[in-house]
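Protein chains in written order, with our numbering: chain A, 4 to 363; chain B, 320 to 681.
For each residue, glycine too, the CB sits at the ideal point set by N, CA and C.
All figures in this text were calculated on a predicted structure; none of them were measured in a lab.
Notes to accompany the following structure.
This is the structure we're talking about:
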């Protein structure tokens with residue numbers, strides 16, 4: 004998908020990113036017997052100031068891809084540029100100056116904070132590591148950050164255990180903000196939180212984006228949340244990006260059959276809509292990334308699969324009627340208004356029932 | 320017909336820090352063949368009330384009553400309860416990995432449930448287990464019956480749990496966050512399966528969840544819980560389109576595209592759920608409520624009938640006709656509440672935020 008024009012607008016560019024984890028066997032002489040192909044030849048870009056949503060099921064490689072963007076481990080192959088600099092092959096120490104520009108927010112607000120350290124020192128850590136502030140200055144900046152994320156700065160000396168889940172997630176956000184990063188990768192930042200608290204954190208992240216001009220990569224499995232926060236959305240299946248588009252296009256006219264299934268399966272919090280739309284229910288489970296299907300990786304579950312799908316891998320490309328940013332990797336993209344049907348997927352027409360039954 | 324009637328259920332746990340009042344006077348009922356959705360945040364008492372009815376909360380102080388099919392559950396002996404549990408009332412838990420025994424094959428575990436309630440031979444129980452696995456759409460059930468839980472995916476394990484729960488054709492199925500740990504596509508498969516099974520067996524269901532989407536897609540009736548009490552009870556459409564309780568209204572405002580237009584800002588409830596050791600006085604929601612009034616601090620409202628829907632009840636001091644979502648109704652609520660405010664209620668965090676128009680709806 005590389006688009007040579009307007010490179011100044013692109014903050015992160017990934018070209019053919021591959022991340023395989025080796026599987027080793029043997030006690031004394033370890034030898035590799037296979038690999039988990041967690042992320043396989045993925046290309047995309049993140050533009051300055053936007054929120055790129057990343058959705059997909061468990062094990063599709065969302066989090067691995069996020070960690071690839073952060074360069075938290077070496078890439079198996081591919082080229083990653085961040086703010087114009089090529090990070091693909093840098094060592095840990097060479098990476099350090101770039102880390103200031105990219106920070107991460109984690110899913111579990113309990114596991115991601117050291118429970119034996121005070122909140123002030125947790126948030127101040129990035130400042131200490133990068134030798135940006137110390138002593139009174141650091142304390143001042145930490146308290147400023149706490150205020151920005153809606154925490155009481157007087158709680159500087161408390162331990163994480165003294166905070167609720169939502170407040171802990173705010174601590175994680177404050178820590179990510181400490182170095183004024185350009186990019187924040189948020190890996191399921193709200194999925195561990197209660198509904199009312201989720202909304203608080205989403206609003207906070209939106210406010211901070213406006214205030215500091217942040218760019219987000221927002222990973223979530225909740226499609227409604229992704230729709231709400233994202234400018235563009237990329238859909239992953241088994242280590243590949245199968246579709247990427249502006250949020251409106253993706254939700255209105257999904258082209259990849261998998262995106263169609265995913266969107267139709269997600270529950271909407273509206274009883275009329277939830278019970279009147281057709282649902283595409285895919286059979287079976289996601290295949291193993293150790294031995295992914297040949298050709299298009301979705302062909303084993305796809306309601307539209309043809310012989311070519313199992314032999315030839317489809318590339319991300321734009322459909323004839325689609326706007327320029329809407330790419331899908333499918334030999335037979337879903338047309339406007341097309342209904343998917345086959346024995347590989349059950350289509351449920353759930354119009355009957357609820358509305359007729361509802362007492363008025 | 321009423322299958323389960325819970326009346327004034329109170330559950331508290333003595334702890335070193337004080338008494339945790341997990342459920343504080345909860346009343347509801349479930350009709351045969353219907354689905355009750357119970358929604359609320361963590362710690363609102365959803366799961367505790369279900370576990371208590373099944374006698375799975377030893378050590379708790381319990382009062383009130385829960386009548387199932389004419390029998391009082393709360394005073395029943397463990398032996399009698401054991402006959403009901405798993406047979407007449409079955410339960411599915413959130414985490415299928417920790418609710419299945421890791422050392423036994425899944426077929427054996429299903430057969431055990433059957434054999435502990437009926438007199439059938441091991442072979443018969445096993446073939447029933449195969450049939451049940453087939454019923455819940457597990458491929459190759461003859462082979463899968465001998466699998467261990469760790470050999471299955473999360474969705475498959477939850478299917479096994481559903482198969483086990485349905486083994487004895489229960490009259491009531493309690494599903495406690497049945498799909499929370501699962502992906503959207505798997506969640507859709509399982510919810511569909513549960514609804515199919517319900518239609519086939521004519522059983523009643525209680526679905527406990529914090530996911531309003533699940534509620535919207537399956538529940539006939541909705542019970543909204545807050546701090547161990549029922550905040551509101553109505554049929555599904557009334558709950559989503561004409562809620563009365565500000566907490567229900569707040570929940571709907573917190574979910575993307577539940578009520579508002581996509582792209583508009585979410586309107587969360589400020590603060591976090593209260594500690595159940597020191598529950599706020601009066602209405603438990605008053606510290607977070609944007610419409611709190613002086614009386615809300617002192618007097619606990621009871622569930623009163625709301626004209627917006629059939630058998631719609633809500634525990635809030637706002638006038639019963641003030642139902643609905645949307646800015647116009649929020650403004651009306653705020654106007655009414657402001658005329659009943661005093662020195663104390665004007666200082667509540669929810670009220671301050673609402674009046675400033677900062678983070679809260681209205």
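Which residues share a DSSP beta bridge with residue i?
i, result
"residue 288/A", "In DSSP, residue 288/A forms no bridge with anything."
"residue 455/B", "In the DSSP output, where bridge partners are listed per residue, residue 455/B has none listed."
"residue 331/B", "340/B and 380/B"
"residue 50/A", "13/A"
"residue 387/A", "The structure shown does not extend to residue 387/A, since chain A is modelled only from 4 to 363, so the question has no answer here."
"residue 320/A", "331/A"
"residue 449/B", "Beta-bridge pairing links residue 449/B to no other residue."
"residue 40/A", "23/A"
"residue 326/B", "384/B"
"residue 408/B", "404/B and 491/B"
"residue 345/B", "328/B"
"residue 583/B", "Residue 583/B is not bridged to any residue."
With residue i as the anchor, note down where its alpha helix (DSSP H) starts and where it stops.
i, result
"residue 473/B", "473-485"
"residue 137/A", "That residue, residue 137/A, is in no alpha helix (DSSP H); it is neither H nor E in DSSP."
"residue 646/B", "646-657"
"residue 589/B", "It is not in any alpha helix (DSSP H) - residue 589/B carries neither H nor E in the DSSP assignment."
"residue 737/B", "Here chain B comprises residues numbered 320 to 681, so residue 737/B is not present and cannot be evaluated."
"residue 567/B", "565-573"
"residue 439/B", "Run containing residue 439/B: none; DSSP gives neither H nor E here."
"residue 421/B", "It is not in any alpha helix (DSSP H) - residue 421/B carries neither H nor E in the DSSP assignment."
"residue 231/A", "226-232"
Can you round the beta-carbon distance between residue i and residue j to whole angstroms, since I take them to be within the 8 Å contact cut?
i, j, result
"residue 308/A", "residue 322/A", "Contact flag wrong, Cβ pair sits at about 18 Å."
"residue 481/B", "residue 411/B", "6 Å"
"residue 552/B", "residue 632/B", "5 Å"
"residue 539/B", "residue 354/B", "5 Å"
"residue 330/B", "residue 384/B", "Not quite, the Cβ-Cβ distance comes to about 13 Å (not below 8 Å), so this is no contact."
"residue 406/B", "residue 487/B", "5 Å"
"residue 202/A", "residue 573/B", "4 Å"
Let me confirm a value: residue i is counted as buried when at least 16 other C-beta atoms fall within 10 Å, else exposed. Which label applies?
i, result
"residue 32/A", "exposed"
"residue 169/A", "buried"
"residue 49/A", "buried"
"residue 318/A", "exposed"
"residue 199/A", "buried"
"residue 227/A", "buried"
"residue 670/B", "buried"
"residue 623/B", "exposed"
"residue 423/B", "exposed"
"residue 545/B", "buried"
"residue 365/B", "buried"
"residue 360/A", "With a pLDDT of only 36 at residue 360/A, under 50, the local geometry of the prediction cannot be trusted, and no value is derived from it."
"residue 604/B", "buried"
"residue 204/A", "buried"
"residue 75/A", "exposed"
"residue 105/A", "buried"
"residue 337/A", "buried"
"residue 17/A", "buried"
"residue 342/B", "buried"
"residue 35/A", "exposed"
"residue 113/A", "exposed"
"residue 377/B", "exposed"
"residue 64/A", "buried"
"residue 363/B", "buried"
"residue 391/B", "exposed"
"residue 320/B", "exposed"
"residue 578/B", "In this prediction, residue 578/B has a pLDDT of 47, which is less than 50 and means its spatial position is unreliable; nothing more can be read from the coordinates."
"residue 338/B", "exposed"
"residue 495/B", "buried"
What are the boundary residues of the beta strand (DSSP E) that residue i is part of?
i, result
"residue 376/A", "Nothing can be reported for residue 376/A: it is not among the residues displayed for chain A, which extend from 4 to 363."
"residue 560/B", "Premise fails: residue 560/B lies in the alpha helix (DSSP H), 555-560, not in any beta strand (DSSP E)."
"residue 598/B", "It is not in any beta strand (DSSP E) - residue 598/B carries neither H nor E in the DSSP assignment."
"residue 495/B", "491-495"
"residue 528/B", "523-528"
"residue 540/B", "540-545"
Mind checking whether the beta-carbon of residue i lies closer than 7 Å to any heavy atom of the ligand HEM?
i, result
"residue 323/A", "Ligands displayed in this structure: none; no statement on the ligand HEM is therefore possible."
Beta strand (DSSP E) runs wholly inside the segment 234-282 of chain A, at least 3 long, in chain order: 235-240 and 243-249
What residue ranges within the segment 348-395 of chain B form continuous alpha helix (DSSP H) runs of no fewer than 4 residues, ordered along the chain? For the segment 348-395 of chain B, the continuous alpha helix (DSSP H) assignments of 4+ residues that do not extend past its boundaries occur at 365-372, in sequence order.
List in chain order: all unbroken alpha helix (DSSP H) runs of 4+ residues lying wholly within the segment 126-201 of chain A. 138-151 and 168-180
Can you list the beta strand (DSSP E) stretches of 3 or more residues lying completely in the segment 70-134 of chain A, in chain order? Every beta strand (DSSP E) of 3 residues or more that sits fully in the segment 70-134 of chain A is shown, in chain order, as 80-85 and 105-108.
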